[in-house]
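Contents: one structure, followed by commentary.
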Amino acid sequence: MAIPTIEDILDEVLRSEGGFVEDPADPGGATNRGISLRYARGVGLDNDGDGDTDRDDILRVTAEQVRDLYRADFWERPGINRLPGEIQPVMLDWAVTSGPPRPVMALQRLISMAQIGFELDDDGVIGPKTRRAAEHAQAEMGPYLNNAIVDERLDFYRRLVARRPAAARFLYGWLARAERFRKETRIAA
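Numbers given in the working numbering equal positions in the sequence shown, counted from 1, plus 36.
Pasting the structure below:
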């Protein structure tokens, strides 16, 4: 199976992101195409040119703008583009929904627990050591690395709902979205 390009990955991520939503239970605030008001304020997004970042700016988010923001802030800046191509889709999608540090810390913990010769700090930063460790883990674990990331993501959502019961109505959608990244595995008989 071919390694997906960033455009393929973005297409998959954007299929999961809807239009404008303003749900009081969503800690990100008003959201459009996956761009939350909280994130937009953090990057100073001012689509209407009025000098502030508010709901009106979220309403004006375009599909091309989203692709550019995802590519820059969720794929390149955190270094997901430097990870093995096989895990880039699951890592980018999780980064979009929860911020880049969360999936990176999960990957670092998984690699350390796998006992494949790397002990990583789960600092959420993809530096040279994490990149090398991820390459080694991918070579050793194959699709099981990707699926372990999916499992960590599922656990994260369950813990989140346990802490914030108001978010329970989102749980099924979050779990279904994460499961779409699970890869088929074959165990030799």
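Cβ coordinates follow ideal geometry from the N, Cα and C atoms, glycine included. Computed from a predicted model, the values in this text were never measured in an experiment.
Asked, Found
"Assign M149 to one of two classes, buried (16 or more other C-beta atoms within 10 Å of its C-beta) or exposed (fewer than that).", "exposed"
"With 16 as the cutoff for other CB atoms within 10 Å, does R208 come out buried or exposed?", "The displayed chain sequence assigns Tyr, not Arg, to residue 208. Exposed, because fewer than 16 other Cβ atoms sit within 10 Å of the Cβ of Y208."
"How many Å lie between R195 and R96 at the Cα?", "33 Å"
"Can you name, in chain order, every residue of its own chain whose Cβ lies under 6 Å from the Cβ of P137, other than the five neighbours on each side?", "G160"
"Please classify Q151 as buried or exposed, where buried requires at least 16 neighbouring CB atoms within 10 angstroms.", "exposed"
"Quick check on the burial criterion: 16 or more other C-beta atoms within 10 angstroms. Buried or exposed for E155?", "exposed"
"Quick check on the DSSP output: what are the complete alpha helix (DSSP H) runs of length 4 or more inside the stretch 60-117, in order along the chain?", "73-79, 91-95 and 99-105"
"Bridge partners of V126, per DSSP?", "BP columns for V126 are empty, so no partner."
"What are the start and end residues of the alpha helix (DSSP H) that includes I42?", "I42 to S52"
"Report the residue from V197, R74 and N182 whose alpha carbon sits nearest the alpha carbon of T89.", "R74"
"I believe T221 touches Y180 by the beta-carbon criterion, under 8 Å. Please report the beta-carbon distance rounded to the nearest angstrom.", "6 Å"
"In the DSSP assignment, what residue or residues form a beta bridge with V57?", "T67"
"Only counting the same chain, and skipping five residues up and downstream in sequence, which positions put a Cβ closer than 7 Å to that of A184?", "L146"
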